[in-house]
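In this note's numbering, the protein residues as written are 82 to 172.
Shown next, in structure tokens, is the structure this report addresses.
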């Protein structure tokens, strides 16, 4: 994960066969009560901890761009990765 202004860039490595590596990225923005805020982000053994500048009634993590997958140009083969999303998902 990296930070750039009010956006966070979530990133996860993908281990490919024969020791090759790739990764995917998703840019997101944290919003409190519908307004984008700057947050402090820290990776922990349990995930990512976001420290907000102020309390709010609602906190949202909103994608700000497309998810991107980066692989070596010469890679040919299958890709397998697990994404885990927890919490309530609106219908």
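Glycine residues also receive a C-beta, built at the ideal position from the N, C-alpha and C atoms.
Q: Would you kindly report the start and end of the unbroken beta strand (DSSP E) that includes residue 163?
A: Segment: none, residue 163 is in no beta strand (DSSP E) and carries neither H nor E.
Q.
Relative to the C-alpha of residue 154, which candidate in 135, 93, 101, 90 has its C-alpha closest?
A. Cα-wise, what sits closest to residue 154 is 101.
(Q) Helix, strand or coil, according to DSSP, for residue 98 in the structure here? (A) Three-state DSSP puts residue 98 in a helix.
Q) Taking all protein chains shown into account, do 16 or more other C-beta atoms lie within 10 angstroms of the C-beta of residue 96, making it buried, or fewer, making it exposed? A) Flag for residue 96 reads exposed.
Q: Counting only runs of 3+ residues fully inside the region 116-149, write out the beta strand (DSSP E) ranges in chain order.
A: With a minimum length of 3 residues, the continuous beta strand (DSSP E) runs that stay inside the region 116-149 are 121-125, 128-132, 140-144.
Q. Hey, residue 144 and residue 109: beta-carbon distance below 7 Å or not?
A. Closer than 7 Å, so yes.
Q.
Beta-carbon within less than 7 Å of residue 130's beta-carbon, same chain only, minus the 5 sequence neighbours each way: which residues are those?
A. Cβ within range, chain order: 123.
Q: Going by CA-CA distance only, name the one from 141, 126, 161, 136 that's closest to residue 117.
A: Residue 117 has its Cα closest to that of 141, out of 141, 126, 161, 136.
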